[in-house]
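In the working numbering, the protein residues as written are 534 to 1066. Everything below concerns the one structure shown next.
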């Protein structure tokens, strides 16, 4: 539609745009109207409406609006609608009551506080209180509900901590059955790898992967998903590092479940010559770490019982500090890769809570540009919960030792990392890592909470090469916002978080991505009642 005004302002013609040429014609008249007059007219009416509004507020500021009949009241009735002014009808005393500091007496439970909204409304109708009494009653009920919510949230964190830290019965069963098989069956004690494949362990023409784990079932899924999706499996070498107690079950599993033509090495930490000679920083750090953890005597129940005012998130962090993984050698061993594998130039380190869904040999085609650590950044992505991590998410920037770093610098993730071991040996990354670990222990854990990523962020600072997020999707153990279809498009998915796929608290819609690499007809799996869900 088009609007045409004649130069003399005598005619106004409206064209519909299609069809009829002349739709409406309006004759204005012979009187000439200037644009200046139009402008002043609009300006006058604007000031008039403002005057009416101000007059209305003075005229009836303490009166009953329903009994008002002056032009000022009219302005007060229609003024806010026209001028967009919103007024609050909530008495100021309510804001004052609700904004008061919480006293110790209010925190103590009382029997006369309404327990539900129905009780609250019944009490109000019965007593017909004034605004102050209403606010006091409302405040008491809100505080009661807040205390209940806090208690429920803390209980949730406690139950999740127990569920994620305990060894499930079926995993314990699997380790025992495999250890028994290792003792009674020579086929479960094969040398891994066989003698003719030993040279491949130090051959840099192969693709070398390192997996540190004391969980046989988790290690089996990682290894099977890695080899099954490989385009050239005979060029893949998987170095599995475990502890002394898990070595026999781990060797038994991979002896009885070979992944030929790939090369699988199973080695316990005590079998590394480097780790058995002299002082080892990782062992010293673990001893000091154990002393710091002794502050949490009484365990998780004591933490929950002694904290009546702390936020649930703070209590959750203290519970997480009790997790056995923070006192596990498996959690620190990656910082010693150059010493553990002195002949290798490059290796990909894998966590045991990941699933590989694509061929990882393409990682060797990535130019690291002289950097040591190839990793996915965790500050950019559609998932605002998982992919919003920066240095300030892990480090305490109120501490002067940390203040020199940029709090908004993007963090990165462990789980699937490309390490240029040749470039690493030319740096002091490992010494820097243990220096900061020592500083945190001396400062009573005031630099960061327990874990290996915060000192890793510092130690690898300036040595990070960012890789495409396709290679590492995180957060499948934190929350269930990730859909199955989205997870299937990633090269590697990571169940980082408490909801590990082998636990009952795993997210059911995501667990099949992990479970499909388990043969549930296997006699060991069936014998320990390990099921899909």
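The C-beta atom is built at its ideal place from N, Cα and C for all residues, glycine as well. Remember, it's a predicted structure, so these values are computed and weren't measured experimentally.
If you follow the alpha helix (DSSP H) that residue 952 is part of, which residue opens it and which one closes it? Locating residue 952 in the chain shown gives position 419, where the first residue counts as 1. That residue, residue 952, is in no alpha helix (DSSP H); its beta strand (DSSP E) goes 949–953.
Per DSSP, what kind of secondary structure is residue 1070 in: helix, strand or coil? Since the displayed the chain opens at 534 and closes at 1066, residue 1070 lies outside it and no answer follows.
With a 10 Å radius around its C-beta and 16 neighbouring C-beta atoms as the bar for buried, classify residue 944 as buried or exposed. Your numbering for residue 944 matches position 411 in the chain shown. Buried: at least 16 other Cβ atoms inside 10 Å.
Extract the residue ranges of the beta strand (DSSP E) inside the region 916–973, only unbroken runs of 3 or more that lie entirely within it. Runs of the beta strand (DSSP E) inside the region 916–973: 949–953.
Considering only their Cβ atoms, is the gap separating residue 1026 from residue 907 smaller than 8 Å? Within the chain shown, the letter at position 374 stands for residue 907. Within the chain shown, the letter at position 493 stands for residue 1026. With respect to the 8 Å criterion, residue 907 and residue 1026 are not classified as neighbours on the basis of their beta carbons.
Strand pairing of residue 1006, partner residues [DSSP]: Residue 1006 sits at position 473 when you count from the first residue of the chain shown. Paired residue(s): 1026.
Any idea what DSSP makes of residue 779, helix, strand or coil? To locate residue 779, count along the chain shown from 1; it is residue 246. For residue 779, the secondary structure class from DSSP, reduced to helix, strand or coil, is helix.
What does a CB cutoff of less than 7 Å around residue 594 pick up in its chain, not counting 5 residues either side in sequence? The residue labelled residue 594 in the question sits at position 61 within the chain shown. Low local confidence applies: a pLDDT of 45 at residue 594 is under 50, so the model's placement there is unreliable, with the coordinate-based value given in what follows. Cβ neighbours of residue 594 beyond the five flanking positions: none.
Identify which residue in 997, 863, 754, 987 has its Cα closest to the Cα of residue 966. The residue you call residue 966 lines up with position 433 of the chain shown. Residue 966 has its Cα closest to that of 987, out of 997, 863, 754, 987.
Reference residue 1052, options 757, 717, 737, closest by Cα: As a working mapping, residue 1052 is identified with position 519 in the chain shown. Ranked by Cα distance from residue 1052, the options 757, 717, 737 are led by 757.
Look at the alpha carbon of residue 1055 and the alpha carbon of residue 1065, and state the distance between them as a whole number of angstroms. Here the question's residue 1055 lines up with position 522 in the chain shown. Here the question's residue 1065 lines up with position 532 in the chain shown. Each residue's alpha carbon lies about 13 Å from the other.
In the DSSP assignment, the alpha helix (DSSP H) including residue 1068 goes from what residue to what residue? This structure leaves residue 1068 out entirely; the chain is present only between 534 and 1066.
Residue burial classification, residue 876 (beta-carbon count within 10 angstroms, cutoff 16): Locating residue 876 in the chain shown gives position 343, counting from the first residue. Residue 876 is exposed by the Cβ-count criterion.
Check for me: the alpha helix (DSSP H) holding residue 713 runs from which residue to which? Numbered from 1 along the chain shown, position 180 holds the residue referred to as residue 713. That run of the alpha helix (DSSP H) goes 702–717.
With DSSP collapsed to three states, give me the class of residue 1049. On the chain shown, position 516 is the one that residue 1049 refers to. In this structure, residue 1049 counts as coil in the three-state DSSP scheme.
Residue 630 beta carbon less than 8 Å from that of residue 668: Looking up residue 668 in the chain shown gives position 135. Looking up residue 630 in the chain shown gives position 97. At the C-beta level, residue 668 and residue 630 come within 8 Å of one another.
Cβ-Cβ separation, residue 740 to residue 768 (assumed contact under 8 Å), whole Å: Stepping through the chain shown from its first residue, residue 768 is reached at position 235. Stepping through the chain shown from its first residue, residue 740 is reached at position 207. At roughly 6 Å, the Cβ-Cβ gap stays under 8 Å, so residue 768 and residue 740 are in contact.
DSSP three-state assignment for residue 998, whether helix, strand or coil: Residue 998 sits at position 465 when you count from the first residue of the chain shown. Strand at residue 998.
With distances taken between CB atoms, is the gap from residue 710 to residue 1060 smaller than 8 Å? Counted from its first residue, the chain shown places residue 710 at position 177. Counted from its first residue, the chain shown places residue 1060 at position 527. Going by C-beta atoms, residue 710 is nearer than 8 Å to residue 1060.
Which of helix, strand or coil does DSSP assign to residue 887? Translated into the one-based positions of the chain shown, residue 887 becomes position 354. Strand.
How many angstroms separate the CA atom of residue 797 from the CA atom of residue 922? Here the question's residue 797 lines up with position 264 in the chain shown. Here the question's residue 922 lines up with position 389 in the chain shown. The alpha-carbon atoms of residue 797 and residue 922 are separated by roughly 35 Å.
Could you compute how far the alpha carbon of residue 956 sits from the alpha carbon of residue 689? Against the chain shown, residue 956 aligns to sequence position 423. Against the chain shown, residue 689 aligns to sequence position 156. Spanning the two alpha carbons is a distance of roughly 45 Å.
Quick one: what's got a C-beta closer than 7 Å to residue 914's C-beta in the same chain, skipping five residues either side? In the chain shown, the residue the question calls residue 914 occupies position 381. Annotation for residue 914: 920, 1002 place their beta carbon closer than 7 Å to its own, counting only its chain and skipping 5 residues before and after.
For residue 953 versus residue 1033, is the C-beta spacing smaller than 8 Å? As a working note, residue 953 is residue 420 in the chain shown. As a working note, residue 1033 is residue 500 in the chain shown. No, Cβ-Cβ distance for residue 953 and residue 1033 is not below 8 Å.
Consult DSSP for residue 1060 and reduce its assignment to one of helix, strand or coil. Translated into positions along the chain shown, residue 1060 becomes position 527. Here residue 1060 carries a helix assignment [DSSP, helix/strand/coil].
For residue 973, count neighbouring C-beta atoms within 10 Å of its own C-beta (all shown protein chains included) and say buried if the count is 16 or more, exposed if not. Translated into the one-based positions of the chain shown, residue 973 becomes position 440. Answer is buried; the Cβ neighbour count reaches 16.
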